[in-house]
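**Student:**
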Amino acid sequence: IICGMTNVIQEIKEKTDIADFIGSYIKLIPAGRNLKAACPFHEEKTPSFIVSPERQIWHCFGCNSGGDAIKFLMQYENLEFHEAIRILAEKAGVQLTSFNFREQKEIMVLYDLNEKAKNFFRKQLENNKIALEYLRKRGLKSETIDKFELGFSPGGDSLTVYLVNLGYDMKDIQKAGLIVKTERGTYRDKFYERIIFPIPNPQGKIAGFTGRLLPEKEAATEAPKYLNSPETPIFNKSKTLYGLHLSKKEIIASKTAFLVEGQMDLLMSWQSGIKNAVATSGTALTAEHLKTIKRLADTLILSFDKDPAGLSALERSLEVILPYDFNIKAIDLGEFKDPADAAEKDSSFLPKAVLESTPVLSYLLDIYLAPASDEITKKRNIRHLLEKIAKMSALDEDYWMKKLAEKSGVGEKTLYLEISKIRSRPSLYAN
Numbered sequence: 029i030i031c032g033m034t035n036v037i038q039e040i041k042e043k044t045d046i047a048d049f050i051g052s053y054i055k056l057i058p059a060g061r062n063l064k065a066a067c068p069f070h071e072e073k074t075p076s077f078i079v080s081p082e083r084q085i086w087h088c089f090g091c092n093s094g095g096d097a098i099k100f101l102m103q104y105e106n107l108e109f110h111e112a113i114r115i116l117a118e119k120a121g122v123q124l125t126s127f128n129f130r131e132q133k134e135i136m137v138l139y140d141l142n143e144k145a146k147n148f149f150r151k152q153l154e155n156n157k158i159a160l161e162y163l164r165k166r167g168l169k170s171e172t173i174d175k176f177e178l179g180f181s182p183g184g185d186s187l188t189v190y191l192v193n194l195g196y197d198m199k200d201i202q203k204a205g206l207i208v209k210t211e212r213g214t215y216r217d218k219f220y221e222r223i224i225f226p227i228p229n230p231q232g233k234i235a236g237f238t239g240r241l242l243p244e245k246e247a248a249t250e251a252p253k254y255l256n257s258p259e260t261p262i263f264n265k266s267k268t269l270y271g272l273h274l275s276k277k278e279i280i281a282s283k284t285a286f287l288v289e290g291q292m293d294l295l296m297s298w299q300s301g302i303k304n305a306v307a308t309s310g311t312a313l314t315a316e317h318l319k320t321i322k323r324l325a326d327t328l329i330l331s332f333d334k335d336p337a338g339l340s341a342l343e344r345s346l347e348v349i350l351p352y353d354f355n356i357k358a359i360d361l362g363e364f365k366d367p368a369d370a371a372e373k374d375s376s377f378l379p380k381a382v383l384e385s386t387p388v389l390s391y392l393l394d395i396y397l398a399p400a401s402d403e404i405t406k407k408r409n410i411r412h413l414l415e416k417i418a419k420m421s422a423l424d425e426d427y428w429m430k431k432l433a434e435k436s437g438v439g440e441k442t443l444y445l446e447i448s449k450i451r452s453r454p455s456l457y458a459n
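Right under this line is the structure:
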């Protein structure tokens with residue numbers, strides 16, 4: 029098996045032109061017999077990322093990373109080894125028969141099942157006027173529904189029967205998260221009377237699904253409004269970014285990602301012309317999400333409500349984002365409750381808001397340094413802002429300390445003394 033695996037990997041490398049492959053992700057510039065670029069894995073001003081077409085390897089002299097096409101794909105797309113092998117084998121036209129260990133075969137079956145399920149759901153949506161009417165009422169156009177392959181699950185055992193009739197094993201269908209076993213020992217579809225949002229991985233293969241209850245069913249059941257596929261060998265919602273398979277190129281080109289919550293926000297943003305949007309799917313923002321985005325972009329644009337709940341959500345996100353040294357901006361949603369609502373009611377609002385997005389700390393300075401009722405409140409708010417600045421890079425810290433001094437009227441020297449206390453005793457001013 030090991031010999032067979034080695035042969036397959038070697039064949040994949042021989043049939044993959046590393047310059048063409050890496051060039052499909054980042055812009056390469058000729059440099060003698062090699063090619064160079066700004067490294068996608070760390071921040072740098074002078075390109076130190078070198079690709080050698082002769083040796084079929086890459087190396088960055090800045091962060092000391094390097095390897096072959098497989099290693100590049102694993103790092104760039106945040107993939108496991110077997111996933112990178114499968115993708116490169118498909119691109120190179122290499123059969124994985126000699127690389128057909130059990131895990132690989134199981135993964136392929138799960139992707140096949142999800143593809144068949146997606147097709148089933150799409151067909152069901154075509155025949156469900158209520159679900160289609162809801163989507164159109166939310167502002168989605170037919171082109172968007174088709175582009176993102178939305179569907180509908182009638183529930184019962186309709187999908188189960190469909191997949192069994194195609195010859196799939198019940199254990200595999202269950203492993204894909206498409207069915208659940210009842211207390212009586214029978215099986216039923218996981219998604220019941222729900223609009224279905226297929227969730228592709230970055231390469232466009234369906235990894236899982238999100239199902240939304242029809243509005244008319246919400247009051248009649250205690251089931252959650254949104255239901256995700258369970259964790260499977262190919263689906264992990266804490267790593268998955270909805271829409272990335274379509275927005276990746278635009279994110280790379282602009283070095284900017286517009287981050288939203290949920291599928292409808294993503295779909296309506298995309299429909300409004302914002303092609304660099306991605307969304308979390310039924311989970312809070314995680315380090316894995318940010319690692320993926322960081323490989324593609326250095327600027328992150330957020331949206332938030334200016335009410336207390338919106339501010340709280342923004343600050344929770346910032347706690348996760350700040351260590352990754354993004355240029356963090358935010359848009360003001362004004363009177364709208366979320367990006368989907370803004371896009372539905374005014375199609376020109378979001379593109380303009382994204383274009384006019386400003387550094388997120390500017391918002392926080394305006395909010396926390398508004399005329400305070402007393403000195404104690406002002407002191408507490410300044411410390412709160414310093415806790416955010418303390419997690420930034422040195423360059424960002426220098427800039428925002430000057431801004432904080434201007435806005436608060438407190439001298440920079442005093443602010444630096446205070447931030448040093450926060451760093452040495454972080455629990456002193458903990459929220």
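All you need for this note's numbering is the position in the sequence shown, starting with 1, plus 28.
Glycine residues also receive a C-beta, built at the ideal position from the N, C-alpha and C atoms.
1. Classify G179 as buried or exposed, calling it buried when 16 or more other Cβ atoms lie within 10 Å of its own Cβ.
2. Does the contact criterion of 3 or more C-beta pairs under 8 Å hold for the segment 292 to 299 versus the segment 197 to 209?
3. Within the same chain, show all residues whose beta-carbon is closer than 7 Å to that of S375, passing over the 5 residues directly before and after it, in chain order.
4. Which residue or residues does DSSP assign as beta-bridge partners of F176?
5. To test your reading of the DSSP string, which unbroken alpha helix (DSSP H) runs of 4 or more residues are found completely within the segment 85 to 140?
6. With a threshold of 7 Å on Cβ separation, who are the neighbours of C31 within its own chain once the five nearest residues in sequence on each side are excluded?
7. Taking the DSSP output, what are the residues bridged to E289?
8. Grab me the residues of S13's own chain with a C-beta within less than 7 Å of its C-beta, minus the 5 sequence neighbours each way, in chain order.
9. Under the three-state reduction of DSSP, which class applies to G239: helix, strand or coil?
10. Which of the three DSSP states, helix, strand or coil, is assigned to L56?
11. Return the residue from the list E42, S436, A371 that minimises the CA-CA distance to Y396.
12. Counting along the chain, where does the beta strand (DSSP E) carrying V438 start and finish?
13. Would you kindly work out how many angstroms separate the C-alpha atoms of A117 and G232, rounded to a whole number?
14. Alpha carbon to alpha carbon, what distance is there between V36 and F263?
15. Count Cβ pairs between the segment 48 to 59 and the segment 96 to 111 that sit closer than 8 Å; are there 3 or more?
16. Going by alpha carbons, who is nearest to D366 out of S297, K407, P336?
17. Using the C-alpha atoms, what's the distance from H317 back to L456?
18. Compare the C-alpha of I485 against each of R408, I302, A433 and name the closest.
19. Have a look at E111 and P230 and give me their C-alpha separation to the nearest angstrom.
20. I need the straight-line Cα distance from K199 to Y215, nearest angstrom please.
21. Let me know if G239 comes out buried or exposed under the rule of 16 or more other beta-carbons within 10 Å of its beta-carbon.
22. Mind listing, in chain order, the continuous beta strand (DSSP E) runs of no fewer than 3 residues lying wholly within the segment 317 to 399?
23. Find the nearest neighbour of L269 within the set D174, P226, G205, judged by alpha-carbon distance.
24. Tell me the rounded alpha-carbon separation between M429 and L350.
25. Can you tell me whether F69 is helix, strand or coil according to DSSP?
26. Using the three-state DSSP reduction, which class does L194 fall into: helix, strand or coil?
27. Keeping to the same chain, check which residues put their C-beta closer than 6 Å to that of L255; ignore five residues upstream and five downstream.
28. What do you reckon, are the CB atoms on T260 and K218 nearer than 8 Å?
29. Hey, is the segment 70 to 89 in contact with the segment 39 to 51, meaning 3+ C-beta pairs nearer than 8 Å?
30. Give the straight-line distance between the Cα atoms of L274 and F364, rounded to the nearest whole angstrom.
31. In the DSSP assignment, the alpha helix (DSSP H) including S275 goes from what residue to what residue?
32. Kindly identify the DSSP beta-bridge partner or partners of N62.
33. Give me the DSSP bridge partner(s) of N156.
34. Is the CB-CB distance between P182 and E246 below 8 Å?
35. Alpha carbon to alpha carbon, what distance is there between I447 and R453?
36. For E278, which option in V288, L324, T308 has the closest C-alpha, if you only look at C-alpha atoms?
**Tutor:** Taking the structure as given:
1. Locating residue 179 in the sequence shown gives position 151, counting from the first residue. Classification of G179: buried, given that the 10 Å Cβ count is 16 or more.
2. In short, these stretches do not touch, since the Cβ pair count stays below three.
3. Residue mapping note: residue 375 aligns to position 347 of the sequence shown, counting from 1. By the criterion of a C-beta distance shorter than 7 Å, S375 is surrounded in its chain by S300, once the five residues flanking it on both sides are discounted.
4. As a working note, residue 176 is residue 148 in the sequence shown. None, per the DSSP bridge assignment.
5. 97 to 105, 109 to 120
6. For the purposes of this step, residue 31 is taken as the residue at position 3 of the sequence shown. Low confidence applies here, because C31 scores a pLDDT of 46, under 50, leaving its location unreliable and the question unanswered by this model.
7. As a position in the sequence shown, residue 289 is number 261, starting the count at 1. E289 is bridged to T308.
8. An answer regarding residue 13 cannot be provided, because it is not within the stretch 29 to 459 covered by the chain.
9. For the purposes of this step, residue 239 is taken as the residue at position 211 of the sequence shown. If DSSP states are grouped into helix, strand and coil, G239 belongs with the strands.
10. Within the sequence shown, residue 56 is the residue found at index 28, counting from 1. Of the three classes helix, strand and coil, the one that applies to L56 here is coil, per DSSP.
11. For this step, residue 396 is matched to residue 368 along the sequence shown. Out of E42, S436, A371, S436 has the C-alpha closest to the C-alpha of Y396.
12. Indexing the sequence shown from 1 puts residue 438 at position 410. Taken as a continuous stretch (DSSP letters only), V438 belongs to no beta strand (DSSP E), as it is neither H nor E.
13. The residue given as residue 117 occupies position 89 in the sequence shown. The residue given as residue 232 occupies position 204 in the sequence shown. So the two alpha carbons sit approximately 16 Å from each other.
14. Sequence index remark: in the sequence shown, residue 263 carries index 235 (1-based). Sequence index remark: in the sequence shown, residue 36 carries index 8 (1-based). F263 and V36: Cα-Cα distance of roughly 26 Å.
15. yes
16. As a working note, residue 366 is residue 338 in the sequence shown. Cα-wise, what sits closest to D366 is S297.
17. Counting from 1 along the sequence shown, the entry for residue 456 is found at position 428. Counting from 1 along the sequence shown, the entry for residue 317 is found at position 289. Here L456 scores only 42 on pLDDT, less than 50, and its place in the model should not be relied on; the value that follows carries that caveat. Answer to the nearest angstrom: the Cα atoms are 30 Å apart.
18. A query on residue 485 cannot be resolved here, the shown segment of the chain reaching from 29 to 459 and no further.
19. As a position in the sequence shown, residue 111 is number 83, starting the count at 1. As a position in the sequence shown, residue 230 is number 202, starting the count at 1. The straight-line gap from Cα to Cα measures roughly 11 Å.
20. Translated into the one-based positions of the sequence shown, residue 199 becomes position 171. Translated into the one-based positions of the sequence shown, residue 215 becomes position 187. Going by the C-alpha atoms only, they are around 11 Å apart.
21. Taking the sequence shown and counting its residues from 1, the one referred to as residue 239 is at position 211. Buried: at least 16 other Cβ atoms inside 10 Å.
22. 327 to 332, 355 to 360
23. The count along the sequence shown starts at 1 and reaches residue 269 at position 241. That would be P226, whose Cα lies nearest to the Cα of L269.
24. Locating residue 429 in the sequence shown gives position 401, counting from the first residue. Locating residue 350 in the sequence shown gives position 322, counting from the first residue. When rounded, the distance between both Cα atoms is 16 Å.
25. Counting from 1 along the sequence shown, the entry for residue 69 is found at position 41. Coil at F69, not helix or strand.
26. The residue labelled residue 194 in the question sits at position 166 within the sequence shown. Of the three classes helix, strand and coil, the one that applies to L194 here is coil, per DSSP.
27. Residue numbering aside, residue 255 sits at position 227 when the sequence shown is read from its first letter. The residues are G239.
28. Start at 1 with the first residue of the sequence shown, and residue 260 comes out as number 232. Start at 1 with the first residue of the sequence shown, and residue 218 comes out as number 190. Between T260 and K218, the gap from beta carbon to beta carbon reaches 8 Å or more.
29. yes
30. On the sequence shown, position 246 is the one that residue 274 refers to. On the sequence shown, position 336 is the one that residue 364 refers to. Here the alpha carbons of F364 and L274 stand approximately 26 Å from one another.
31. Numbered from its first residue, the sequence shown carries residue 275 at position 247. Here the alpha helix (DSSP H) through S275 covers 272 to 282.
32. On the sequence shown, residue 62 is found 34 positions in, with the first residue counted as 1. Per DSSP, the beta bridge partners of N62 are A59.
33. For the purposes of this step, residue 156 is taken as residue 128 along the sequence shown, with counting starting at 1. BP columns for N156 are empty, so no partner.
34. Start at 1 with the first residue of the sequence shown, and residue 182 comes out as number 154. Start at 1 with the first residue of the sequence shown, and residue 246 comes out as number 218. No, they are not a contact pair.
35. Position 425 of the sequence shown, counted from the first residue, corresponds to residue 453. Position 419 of the sequence shown, counted from the first residue, corresponds to residue 447. Taking the straight line from one Cα to the other gives about 10 Å.
36. Position 250 of the sequence shown, counting from 1, holds the residue named residue 278. Among V288, L324, T308, the Cα nearest to that of E278 is on L324.
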